[in-house]
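The structure under discussion appears below in the form of structure tokens.
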Amino acid sequence: MVFEDDARVNPVVRQFFTKSGDKSLKETLGRLADSHDKFEWNLLNLGSCLGTCHDREYLNISLPQPVKIAVKTNPYCTVAYIVSRKGAELLLKEVKSKGLQAADRGLRRTEKFKQVTLEPRLF
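For the sequence shown, this note's numbering assigns the number 2 to the initial residue and increments by one for each residue that follows.
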């Protein structure tokens with residue numbers, strides 16, 4: 002998990018998870034991270050501010066309403082996200098060969114890098 006220094010929990014979204022039975026933020030983050038086992042994403046953005054996809058598609062995952070995980074959103078902000086092991090390996094390989102890329106450039110904008118976004122944002 003990666004958090005920028007100004008990441009703050011969205012209390013409204015956190016309350017959706019609390020009402021569904023999550024006792025802590027750690028439990029909520031664990032539940033979200035576990036979605037990787039089924040959907041094999043490389044990066045789950047928890048604090049997306051913008052995206053380029055207007056026709057949203059959502060993963061079929063049990064989350065408290067109205068929370069969803071959207072695919073192919075191409076978010077710009079990276080205030081908080083969870084990276085899978087494979088996602089981290091791909092990002093490190095890119096950094097080694099091309100240097101550090103902005104979130105709206107490079108590997109994260111390709112089809113081979115599976116990035117998904119939590120909506121509404123948790124951070």
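Ideal Cβ placement from N, Cα and C applies to all residues, glycine included.
DSSP lists A81 as the beta-bridge partner residues of F4. In terms of CA proximity to S36, I83 leads the group V14, I83, K94, V13. The segment 25-41 makes no contact with the segment 89-100: fewer than 3 CB pairs, one atom from each, lie closer than 8 Å. Counting the other Cβ atoms within 10 Å of the Cβ of S49 gives 16 or more, which makes it buried. Between the alpha carbons of A71 and F17 lies a gap of roughly 17 Å.
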